[in-house]
Structure formats: structure tokens, C-alpha cells
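Data first, discussion second: the structure below is written as C-alpha cells.
This is the structure we're talking about:
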């Protein structure tokens, strides 16, 4: 059961060949057996899941179900869940039990999904390897001495080891696409504004967007149908109609123009990875798509400006953690300053503290214009590059990550090195457009991800291309041996 | 980044950094070095872009009370002492 | 050396939106602590702001009334600082692109002149919570009901030169926001808070001196006194060779002095940047026109109308306009009787105001409704009663729920206007006072007053005074 896709499971549930209770129990068992070694889950909500599964079976019996009724899923621990601990991977919120659900959590609940638990992540979504969690590093099921990618490492691993058929994530600089690539699964980040951010703990408000990890693009389309949509509680939520993403999965891609940004395929890119990506491109070409070289000349500035803008917004978003109304509070504060300084020093991990300091600095007097404003101007240049590119091509194809899953600890000494993991994903977030990573092969037995980037609100198009690719290949069906 | 500068920013951000920790934060300078690349890029006549939703304007909400009294639930999870419905913090300076 | 003070004011007006500017929590005054602070106001993780349309409408109203430009494109910004009454650790405000710019208010100054005070800008922002320092065994109590209430920050140009101009400006501003019904203007309760920036310079100098900011002056008197003290303090420092430090100061009314605030951030770097959780506010011409077409009559328009239409003096008009409720009372009463507006105004500004002040009653709580007040004026006007009698009736009206006609009937207070009756009465008075009559005939003309008094007494105050005077003159001649 655990290797089946949501599309398959949905049919089995509907025809009552399996029950949601069985399905849920299967996944709970798998989580319990593997979590000790993989550390993908912070909280397992077994009792609640079984309750919800029972109700789902009831709805199915009464014929009142919809396509996702009874499907178990996991939520990244950044999504507020009413009555269930939401830690954001941080000691700061280790004691935080929200009295409200995020809008997306409500939408998925209403769609009939069952919550298995909350997944591990880099603290406050800041990281590319899931090594910065208060709850410990998440291991990559393809190599337990390697990282799975971050910040949504736990969610990625939950799919990679088939502990859940779908898991939510967020992607601010690549935190869905990069772990999807490194863990050998599918991960999509829709355009900014597609999915409500209400109830998702904020990292960088103009860059954060929710998304989903699944085994296939088809499953992702089914999940996005339930997740996307206007939310009046989020001022940055777009009032745009949500198409049925599954309806266009089988559109022909003949004549589709695919752009390959030359800056991403320069001689610095690992040749083996490059080969895998090009093989992927060729598959699409064989189906009738055409390949074109394009240029995104300012994309190389993505990392420097991302590491100005994101920390700046984060430094303000995290100012609310002061030990007063929720979260960690230090013992016996001597005075107000001590309350703030020690609660925050104790509650936040190293990476978070680094980014808050960077962010505070680039917003401060004397530096604001040279760093923050300049970065926002270059952001527009990057967006303009995409506007130009999409005049010539329909989707853009590139590697998702410059490396495969690297060994735990190998990039911890050098922050800048770690930050460069996001080099191919960050420009998407800066522009606010949509991107998906799908598995396209292996290098040294570690998964490689192929990234398709679409223009604003063109999730349907990239899901269509991804689905067509997955009809011709079976990289997405690969499971690490121990977890088959 | 020298230690004084780090301390100053840490105070601005209300995060305590002890003397033996401060070395860990020197690499902030490296990250800012990375950012220096952008200084020479020509951005004359380019408007800063603070979010991707261009051509959208802020939606307005009707002026009506939609939130009931939630003091009990919200204070139940507070790490602070509360008294008479107030959150208590160490004495603040004169206002 | 002659000095002049240069004064600018920042007024924070709480706008009367039912819910807060960015959340749907209630803004009602006087609620128990933290019962009107929702998860958004308390900055819980994942919470997001959504802008209240009435806050925008009220700001537009103010911009129009202040002769300002309503900016069709305005942007919210985060003002970052740490303080326990600021849950997010930043205040959502407006920085470079406020909603209102470049307005002015004309204020009356000495010699029946007006002076134009520029309004640099007005912008929307959220209020912070309240800290309570007493009774918590060394701790401070936080009430976040106020966090998120809509504020309009109104900044004046440094055009003000005297303490009186400053308090007048605030009076005019307060009157304006009350007329617009966007703010209560209650300085004691904090719905309008005034900060003053004061600097000094030699008269004739165009460069500005270093200014000090005095925060939270909550009465007109304190505004004037604080400015006076501060200007003198600064002049004294400079003439003794010192320098003014740019700082925030508090006014101590007990000692009548300003002093430096201790530990609050001396030089705050607010690290302003555009609020990414909100989009730029774009207003259309239609939106602004719709509000412009629905503007209530503004104080200066009403003042002009009272002077031109009702022929009141500037002084009378000012009093009836500044207190809007009094002005409404005046017009309501006027509607119900055909008397001269001046008569009505005299009675309101005279007898009525006197008893309101003495009993510390607000006009909105006046036990005499405009209808009964109008009845009184009507009866004076149609000469049913004399002015004196009216005064006694007025007292009864205050204490009893009875109509004027009922009182006149019950107490038989109709004015006697029958000349022959008055003549009879006066003749009797003369007969009853032969000695005084002799003395009067022999030249003691000041005894005229005695006879007036006696005649009035005999008539029990009901004789029409003019007639009594005329007839008495005739009979004593």
C-alpha cells in the first residue's frame, strides 16, 4: 500500500478495496519503525489520525467522500495545527500549541486528508540541509550519512521512505524543490499568492510559499487542487481562479518551447549532474518539445540578494519571539532586557541567530540603501529576466541543486558554501514564479532532480510537463532499498 | 566583522551573545562580502521590488468586529505570569 | 538678543473604527484587559494583517478637510523596535508614502487674524498596548487591548511660534476630527495624544535649532506650559554657551518642568522597510470623490454660516462651533421658535452655559431638551413673559419635567402688558409711598429706581419692564 500513489489510493479507497484505517495504520507503523533512524517526524499524531481515518471510512461508506477523503498526509512543523504542537524545528516553540489551524491545514482537512504528524525541518525554515533543527538532523533514506536537503527535510524524507503519500512544505529559497531533488521525489512550489500563508509561521514574507511533496506530478496536482485558493485572511493571497490542475496533465507537449538558461549550465556545474539533466531534457524533446538556450543574466546575483532580503524580513518576523505571550521564556529574568536577550539567545539556534543579525544589519541606518534597497532593485532585474525569457519559451528547465545529497556536517563549517546550495532555486522565489523538481536519475547512487520553472500562475503547465516526463520514465518510482 | 559591531547588532536584535560565543559570528562578514558583489551593478532608474504581486493593490476589509474574547485560550499557553488578565513582565522603565 | 520658539506638533488621533486597523478585534473603550486582543494583535506565529476599509475612509476624510493631497498610492512600512507593549516587535505604520500630504489649517490668532499652519503629512498606523506599572510587585502589567487600534498620526510643519498658537492649533484640530466623527478627541482618555517638538533660534534666523521632543501632553494647559518651560530652558542653555541635545523629554505638571526620559531608546534606529504582508494601497478618484461628496459641514464652514446667516458675532460663533453639541443644540432650539438667533444664542451662552458649568454637566446631558428651551425663548419673544420671569422659569425647567406653558399657567406668571393695569398699580405704589414721592418731586431723581423696584414687587415681577418704566416716568413727571 505504501508504494501506491494518491491517485491509486484514492481509487482503492473509493472502491472500498482498502480502508482509510488500514492505510493510516500502515503509514503510522512505518513512521514508528523508521523515525528512530531517519528522524523525519517531530510529532506523530496517531490517535487523532486513527479517529480521522474512522470518520473518513464512514464518509466513504455513505458515498459522501471526495477524491482525497481518507488519504493520510504529513504537515511540515511550520504549519500551525490547532491543539497539536507546532515547533518550527526550534526550541523557541518547543512548548507552542497553537489554538488555531493554518488555512491550508483547514483546507486539507476539509478535503478529507488525515494528518499523520508534523515533520522535522530546519529551524524557522532557515537552512538547506535540515541540520539546523532543535530536534536533530534528518537523514536521507538514500544514504543515512547524508542530508536530505532543507528546510523541509522531514517532509521530503517522509515521501522518500514512503512514510506518507504526501507531505506539505514551504519554499522560500528552494526549501521544497531542493530536498525533493536530494531525496529523489517530486516537490512543487506554486507561485507566490496561490496558497494562503495564514497560519504558516513566517520566515521571509515576500518569499515564503507553501507547496507539496508527493511521489508524482499527478499526485501533486490533486493536492494543489485542495490547497490553492484565495484567503481573505492573507492580504498577499491572490483572487485568481484555481483551475483543476489534473485536467491538463495529459495535454500534449508537442511544440512546447523549453528554455535552458545558459548561466545554469556553465562549466561550474558538475558534469555528471549536467548529463542527467540533459538526458531529462532529451526525453521531453523526444515527445515533441523544443529546446532553446536562454539567458537569465542576473540570476547569479540571486544568492547574494536572497541572503540580504530573506534575513532582513526574517529579523523583523522573528522579533515577536520575546518570551512574553508564547514560546520559550528564560528563567528568572533580571530585567526586561535580560528577558529579551536570554529568551531569544536560548530559544534560537545558531543559524537563526546568524540570519537575524545579518538581517538587522542590512536594514540598519547607513546600510539600508547599499544592501536592502539595492537588493530589491536587483530583484526586479531578475524578474525582468524571467519576463523576457517567457516571451521566448514556455517553461524553463534546469538542475534543481548543484550537488547531490552531501554528507552530514560537510558544509557546516562554511556558511557561504551551504548557501550556494540554493543557487538554482532562489531566483524563482525572488521573482515569485512557480517551480517543480522531479527525479531524473542518479549520480553515485544519489538522486538528481530536474527543475521546471513556469511563469506566474502556470502551475498547470509545469505539472503537465512533469507528468508527461513521468509517463516516459520511472525515476520517480525508485525507492531506497530498505524502505521498499 | 569585528566584535564591537557584532555586539551592537546583537543588542539591536535583543539577542545575548557571550564573549566565548562571539567568534562564531565573525563569519557574518563573509556573508556580507558575498553581498558586496551587488554594489557595482547598474540599477539606475530601477524601482525596488518588495514583493512579487505587482499590479495588485491592498484589499480592504469591512469594519466589523469578528473576533470574540479569547483571553482564556490565548493566555493558557503563555510562559509569563498573568494577573488580573494582564501579562506580567519585569518592571519597565518610566514611560 | 530676541529669541523665537519654533514649534511643530505630532498629534496621534485614535480613529473610531469599530474593529482594529489590521484585525477584527473590538475597539470599545473600557473592556477588561486583554479581552479585545486577538491572536493577530498578540502577534502569534503565522498571523497576518488585513486593512480596515473604514480606517482608510476616515483618513481620506481628514485629508480632504485639512485641505491636503490624498495620496492615491501609499505604502505601509515596518517600524522596528522592541518594547513589551509592541507584540510584533515592529509597528505597522507608513513611512515614505503616507496617505495624506501637504495640507493646512487656519487658526485664529490675536487681533482677529488667522494664521495658516501647514500639515506636512498624516498617515495610518497601529496603536501599541498599555503598560501598567502599579500594584504588580515590581513587575509591569501588559494590557494589549489597545494594540492594533487605528491611529492617524498628523504632523504639522514647524510653523507655530507661541504656546498659545500651539494649543489653539490642537483645539482646532480636535474640533475638526470631532466634526468629521473620526475621533473623540478626548485627550484625558488618550484618544488624542500630542507630542511637541520645540527648538529656539535668534529672531530673524532661518536655520532651525536643535529640537527636543516633549511627549504625551494631555491638556491644552500643559501644552502651553511645557512649551513655555522648554523654550526658556533651551534659551538659557544656549545663552550660557551650551548645546541643545536632540532628545525626548517628559513634562512634569507638578513641578512645571520638562526632563529627559531615562531608559527608552535614545537614538532609535527603526530600520524602516516596506511591509511585505500588505500590498500598496491604491485609491481611485471615485473613492475619494465619493467621500468628498459626503463630507459633513466643517467647523470653519459652520462658523461662517453662523456669522452670515444668523448674524452672530465671531466670538459667539466660535463658542457655538467649537462645542459641536452646543452648536447642534442651538440650531435645534432655533428651529422650534421664530426668535432672533441672537436671543437664542445669548440665552445658551449665558444662563444655560452658566448652569452647565456650575453643575459640571455636558450639553449632551442637559435636562432641558432643545424643545422646552425653545418654548421658553418663544414666550420671551412673544412677550408672554418678561426676561426676569424667564430666568425663574428656566430654573424650574432644569429641575422638573414640565413645559413652559404649564409653569406659566400654574404660577400665573403671564407678563402684565395691560397699560391701564400697570397705571393703576403704579398709582397705588405712589399713594403707598408719599414720603418718597415728595423727595422725588423735590429733586432726588435717583429714587426712580426705588419706584421701579416697588412697582415690580407689586406686580410680582410680571409687569413688562419697558412699559412699567414708561408709565412710571409719565406718572412721576
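Chains as they are written, first to last, in my numbering: chain A, 145 to 628; chain B, 56 to 150; chain C, 3 to 479. Cβ atoms here follow ideal geometry from the backbone N, Cα and C, with glycine treated the same way. These figures come from a predicted structure and were not determined experimentally.
Problem - Nearest residue (CA-CA) to residue 600 of chain A, options A:538, A:171 and A:194 - result: A:538
Exercise for the section: Closer than 9 Å, Cβ to Cβ, to anything on chain B: give me those residues from the segment 303-315 of chain C, in chain order. Expected result: none
Problem - Min CB distance residue 7 of chain C to chain B below 9 Å - result: no
Practice task
Consult DSSP for residue 218 of chain A and reduce its assignment to one of helix, strand or coil.
Solution key: Here DSSP, grouped into helix, strand and coil, assigns residue 218 of chain A to strand.
Practice task
Report yes or no: do three or more beta-carbon pairs, one from the segment 486-503 of chain A and one from the segment 450-463 of chain A, lie closer than 8 Å?
Solution key: yes
Exercise for the section: Please classify residue 144 of chain C: does DSSP put it in a helix, a strand, or coil? Expected result: strand
Exercise for the section: Determine the burial state of residue 208 of chain C: buried for a count of at least 16 other Cβ atoms within 10 Å of its Cβ, exposed for fewer. Expected result: exposed
Exercise for the section: Go to residue 157 of chain C, then tell me how far its beta strand (DSSP E) extends in each direction, as first and last residue. Expected result: 152-158
Practice task
Work out the CA separation of residue 217 of chain A and residue 159 of chain A for me, nearest whole Å.
Solution key: Computed Cα separation, rounded: 20 Å.
Practice task
My understanding is that residue 272 of chain A touches residue 256 of chain A, with C-beta atoms under 8 Å, so please give their C-beta distance in whole angstroms.
Solution key: No, residue 272 of chain A and residue 256 of chain A are not in contact; Cβ-Cβ is about 33 Å, not under 8 Å.
Handout entry: C-alpha distance - residue 576 of chain A paired with residue 320 of chain A, whole-angstrom precision
Key = Approximately 14 Å between the Cα atoms of the pair.
Handout entry: Helix, strand or coil at residue 378 of chain C according to DSSP, with G and I counted as helix
Key = helix
Practice task
Using three-state DSSP, classify residue 276 of chain C as helix, strand or coil.
Solution key: Residue 276 of chain C falls in the strand class under three-state DSSP.
Practice task
Return the Cβ separation of residue 342 of chain A and residue 48 of chain C in integer angstroms, given the expectation that the two are a contact with Cβ distance under 8 Å.
Solution key: 7 Å
Exercise for the section: Return no unless some Cβ of chain B is closer than 9 Å to the Cβ of residue 14 of chain C. Expected result: no
Practice task
Would you mind stating whether residue 281 of chain A and residue 249 of chain A have Cβ atoms separated by less than 9 Å?
Solution key: no
Exercise for the section: Verify the CB distance criterion: does residue 141 of chain B have a CB-CB separation below 9 Å to chain A? Expected result: no
Exercise for the section: Measure the CB-CB distance between residue 606 of chain A and residue 580 of chain A and report whether it falls below 9 Å. Expected result: In this structure, residue 580 of chain A lies closer than 9 Å to residue 606 of chain A by Cβ.
Handout entry: the segment 147-164 of chain A / the segment 220-234 of chain A touching (three or more Cβ pairs under 8 Å)
Key = no
Practice task
Give a yes or no on whether 9 Å exceeds the smallest Cβ distance from residue 382 of chain A to chain B.
Solution key: yes
Practice task
Under the assumption that residue 260 of chain A contacts residue 370 of chain A (Cβ atoms under 8 Å), give the Cβ distance between them as a whole number of angstroms.
Solution key: Not confirmed; about 16 Å, so no contact.
Handout entry: residue 241 of chain C - containing alpha helix (DSSP H), residue span
Key = 222-241
Exercise for the section: Could you give the DSSP three-state label for residue 386 of chain A: helix, strand or coil? Expected result: coil
Handout entry: residue 201 of chain C vs residue 165 of chain C beta-carbon contact at 9 Å
Key = no
Handout entry: Euclidean distance between Cα positions of residue 227 of chain C and residue 258 of chain C
Key = 7 Å
Problem - Euclidean distance between Cα positions of residue 304 of chain A and residue 499 of chain A - result: 29 Å
Practice task
Spell out whether any CB of chain A is found under 9 Å from the CB atom of residue 96 of chain B.
Solution key: yes
Handout entry: Helix, strand or coil at residue 286 of chain A [DSSP, three-state]
Key = coil
Practice task
For residue 25 of chain C, write down the residues that DSSP places opposite it in a beta bridge.
Solution key: Per DSSP, none; premise fails for residue 25 of chain C.
Handout entry: Continuous beta strand (DSSP E) assignments of at least 3 residues falling wholly in the segment 364-414 of chain A
Key = 401-405
Handout entry: Bridge-paired residues (DSSP) for residue 108 of chain C
Key = C:118
Exercise for the section: Please report the residue range of the alpha helix (DSSP H) in which residue 282 of chain C lies. Expected result: That residue, residue 282 of chain C, is in no alpha helix (DSSP H); it is neither H nor E in DSSP.
Practice task
State the start and end residues of the unbroken beta strand (DSSP E) segment that holds residue 453 of chain C.
Solution key: No beta strand (DSSP E) contains residue 453 of chain C, which is instead part of the alpha helix (DSSP H) from 450-460.
Handout entry: residue 91 of chain B versus residue 69 of chain B - alpha carbon distance
Key = 26 Å
Practice task
For residue 135 of chain B, go through chain A and note every residue whose CB falls closer than 8 Å to its CB, in chain order.
Solution key: 467, 468, 469 and 473
Handout entry: Through-space distance from residue 223 of chain A to residue 147 of chain C, alpha-carbon basis
Key = Residue 147 of chain C and residue 223 of chain A have their alpha carbons spaced roughly 27 Å apart.
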